[in-house]
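Below is one structure, written out as structure tokens; comments come after it.
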Amino acid sequence: MNNIIFLLLFSFYVTKNEDQCVNWNDVHNLSFYNLPRNVTTERIKWEDIEKLKPIKINSAIQILSHSECKGQRATIWKDEYLLVVEFNNKKRRKFKVSGYGGFLYEPGRKFYFVQEKDKTEWQSIIQTIRTQNNQN
């Protein structure tokens, strides 16, 4: 009986974690942002995001639609950018984008790793965001 309960709980856990991965086909809009100094993706409030200037990069959705969703932790962070994803149902979620590696993190949920074939284009996106930061 204990084995059945354990199996059911484990199945629920795996299903729940899989559900946390973004379906990039349901994304309506992507906006990147440079964060103010001493502010992190996890701590920034939605009303403060509304005051920031969005950086629109349409090609990012194509790259992210091929990304790999994992629960593992990546630790190499150099620079941090904010990505706000708006879904077709108008819900929004925040992502922490690494300026170094080809990955992003949805706080409390999952990491998304850009495929090797897309890394050059992804780094070009990061460079565009970085350039926008230097102009402001």
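Our numbering applies: residue 157 is where the sequence shown begins, and numbers increase by one. Even glycine gets a Cβ: it sits at the ideal position worked out from N, Cα and C.
Please state whether the Cβ-Cβ distance between residue i and residue j is less than 7 Å.
| i | j | result |
| --- | --- | --- |
| Gly255 | Val270 | no |
| Leu186 | Val253 | no |
| Phe267 | Lys226 | yes |
| Ser215 | Trp180 | no |
Here's the rule: buried if 16 or more other CB atoms are within 10 angstroms of the residue's CB, otherwise exposed. What is residue i?
| i | result |
| --- | --- |
| Ser223 | buried |
| Thr287 | exposed |
| Ile232 | exposed |
| Glu262 | buried |
| Thr196 | exposed |
Report the CB separation of residue i from residue j in whole angstroms; it is logged as a contact under 8 Å.
| i | j | result |
| --- | --- | --- |
| Ile217 | Ile285 | Wrong, their Cβ atoms sit about 15 Å apart, outside the cutoff. |
| Phe243 | Asp182 | 5 Å |
| Leu260 | Phe188 | Rounded, the Cβ-Cβ distance is 10 Å, inconsistent with contact. |
| Ile219 | Glu272 | Actually they do not touch by this definition, with Cβ atoms about 12 Å apart. |
Can you tell me the Cα-Cα spacing of residue i and residue j, whole angstroms?
| i | j | result |
| --- | --- | --- |
| Gln279 | Lys234 | 13 Å |
| Glu203 | Asn194 | 17 Å |
| Ile282 | Cys177 | 22 Å |
| Asn159 | Gln228 | Because the pLDDT of Asn159 is 49, which lies under 50, any placement of that residue in the model is unreliable, and the question is left without a value. |
| Arg249 | Asp274 | 23 Å |
| Arg199 | Gly264 | 12 Å |
| Leu191 | Lys246 | 23 Å |
| Lys201 | His184 | 21 Å |
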